[in-house]
Amino acid sequence: MQILQEKVALVTGGARGIGKAVCEELAGCGARIAVVDVAAETARATAEELQRQGCDARHYSADVSSPQDAENMIKNVLADFGRLDILINNAGITRDNLLMRMKEEEWDQVIAVNLKGTFNCIKAATRPLIKARSGKIVNIASVVGVMGNAGQANYSASKAGVIGLTKSAAKELASRNIQVNAVAPGYIETEMTGKLSDQAREEFLSHIPLHRPGVSEDVARAVRFLASKDADYITGQVLNIDGGMVM
Ligand code: NDP
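Going from the sequence shown to our numbering is simple: count from 1 and add 333.
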């Protein structure tokens, strides 16, 4: 019996990058997967790939920054799969700029998707998880939520917020046997980091003791652990996946 057999996992931003690797990792452990993304087409493509690998996967289009979308997404997943066991809040964006130049909309968009989006999805998922008296929530934060980063005041603040939200939710939901944890990736090669300049990349690498960028699978394996019963006695924690960048 596989460790996530019969479990239903919802992954936001699951169509590509780290989210897609998480979908594949959880599917490989027997989970049934709800792939959520703003873009329906990419979500469909990922769900179809998972189906070809034998996974019971479906796709849903939702903008996590909208409370209504988050509510509908959970409602539809429950209608289709009959249950929800694991929520992975992975959807995230960057709108980098120096503080002095940062536009109000760059601040607002990043907070809306990364922080409010995580809140919206947790809020919408809480009722069914409480009813089931079990569940796992894993939020994707970032090391810059702990250490800050020049040019990413909005993003760092959103990820620091995700860490505070994780700990508060962990305390509120512990009595219902729902564990809430976060992973904080460092520098992981995806489309998001593909936008970084060579200089920024070198700067990151110089601070990584393992001296290589991470790959999405490095994050996905840690998420799988926190989403499994092996992590039943772990809650409110932030696990850095960063090659040793933050110690
Ligand atoms: P990508 O940009 O590669 O993927 C992000 C995914 O989220 C995309 O599928 C995107 O959809 C989706 N998404 C964006 N906005 C929304 C929204 N409003 N509602 C639903 N889905 C949305 O990012 P990564 O894979 O690199 O990052 C995944 C997570 O990991 C993010 O939270 C990021 O902050 C975090 N992280 C990444 C690090 C890295 O080094 N890459 C380091 C630390 C943290 P679409 O394709 O339609 O835009």
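Glycine included, each C-beta is placed from N, C-alpha and C at the ideal position.
Express the C-alpha separation of residue j and residue i in angstroms, rounding to a whole number.
{"i": "Met-578", "j": "Gly-519", "result": "7 Å"}
{"i": "Thr-526", "j": "Val-516", "result": "17 Å"}
{"i": "Val-479", "j": "Ser-489", "result": "8 Å"}
{"i": "Ala-457", "j": "Ile-407", "result": "6 Å"}
{"i": "Lys-504", "j": "Gln-335", "result": "29 Å"}
{"i": "Lys-449", "j": "Ala-376", "result": "21 Å"}
{"i": "Glu-550", "j": "Lys-464", "result": "32 Å"}
{"i": "Ala-342", "j": "Val-556", "result": "11 Å"}
{"i": "Ala-507", "j": "Thr-568", "result": "8 Å"}
{"i": "Gln-512", "j": "Val-476", "result": "21 Å"}
{"i": "Arg-428", "j": "Leu-572", "result": "25 Å"}
{"i": "Gln-338", "j": "Thr-499", "result": "26 Å"}
{"i": "Ile-541", "j": "Ala-412", "result": "44 Å"}
{"i": "Glu-374", "j": "Cys-388", "result": "18 Å"}
{"i": "Val-443", "j": "Thr-451", "result": "12 Å"}
{"i": "Ala-348", "j": "Thr-523", "result": "12 Å"}
{"i": "Pro-461", "j": "Leu-417", "result": "7 Å"}
{"i": "Lys-528", "j": "Asp-563", "result": "36 Å"}
{"i": "Ile-421", "j": "Leu-383", "result": "17 Å"}
{"i": "Val-369", "j": "Gly-352", "result": "9 Å"}
{"i": "Ala-445", "j": "Ile-455", "result": "14 Å"}
{"i": "Ala-380", "j": "Ser-394", "result": "12 Å"}
{"i": "Ser-530", "j": "Glu-439", "result": "19 Å"}
{"i": "Asn-453", "j": "Ala-403", "result": "6 Å"}
{"i": "Ser-491", "j": "Gly-350", "result": "19 Å"}
Given a threshold of 16 other Cβ atoms within 10 Å of its Cβ, counted over all protein chains shown, does residue i qualify as buried or as exposed?
{"i": "Glu-357", "result": "buried"}
{"i": "Gly-415", "result": "exposed"}
{"i": "Ser-539", "result": "exposed"}
{"i": "Ala-367", "result": "buried"}
{"i": "Gln-401", "result": "exposed"}
{"i": "Ser-398", "result": "buried"}
{"i": "Ala-372", "result": "exposed"}
{"i": "Leu-543", "result": "exposed"}
{"i": "Leu-432", "result": "exposed"}
{"i": "Tyr-566", "result": "exposed"}
{"i": "Ser-501", "result": "exposed"}
{"i": "Arg-391", "result": "buried"}
{"i": "Gln-532", "result": "exposed"}
Pull up the CB-CB distance for residue i and residue j, whole angstroms please, since I reckon it's below 8 Å.
{"i": "Ile-426", "j": "Asn-447", "result": "7 Å"}
{"i": "Ile-521", "j": "Pro-546", "result": "7 Å"}
{"i": "Lys-340", "j": "Ala-360", "result": "About 11 Å separates the two Cβ atoms, so there is no contact after all."}
{"i": "Val-471", "j": "Ala-560", "result": "6 Å"}
{"i": "Asn-482", "j": "Met-435", "result": "The pair is not a contact, with the Cβ atoms about 13 Å apart (cut-off 8 Å)."}
{"i": "Gln-570", "j": "Asn-510", "result": "Not a contact, Cβ separation roughly 16 Å."}
{"i": "Thr-345", "j": "Asn-423", "result": "5 Å"}
{"i": "Ala-378", "j": "Ala-553", "result": "That belief does not hold up - the Cβ atoms of Ala-378 and Ala-553 are roughly 18 Å apart, past 8 Å."}
For a test of your reading of the model: does the CB of residue i fall under 7 Å from any non-hydrogen atom of the ligand NDP? Yes or no.
{"i": "Ala-342", "result": "no"}
{"i": "Arg-557", "result": "no"}
{"i": "Asn-514", "result": "no"}
{"i": "Met-525", "result": "yes"}
{"i": "Thr-345", "result": "yes"}
{"i": "Ser-489", "result": "no"}
{"i": "Asp-389", "result": "no"}
{"i": "Asp-370", "result": "yes"}
{"i": "Thr-375", "result": "yes"}
{"i": "Asn-593", "result": "This structure cannot settle anything about residue 593, because the visible part of the chain is limited to 334 through 580."}
{"i": "Ile-470", "result": "no"}
{"i": "Asp-396", "result": "yes"}
{"i": "Ala-367", "result": "no"}
{"i": "Val-446", "result": "yes"}
{"i": "Ser-300", "result": "Absent from the model: residue 300. The displayed extent of the chain is 334 to 580, so no value can be given."}
{"i": "Pro-518", "result": "yes"}
{"i": "Ala-560", "result": "no"}
{"i": "Ile-419", "result": "no"}
{"i": "Arg-349", "result": "yes"}
Does the distance between the C-beta of residue i and the nearest non-hydrogen atom of the ligand NAP fall short of 7 Å?
{"i": "Gly-352", "result": "Only the ligand NDP can be found as ligands here, which leaves the ligand NAP out of the picture."}
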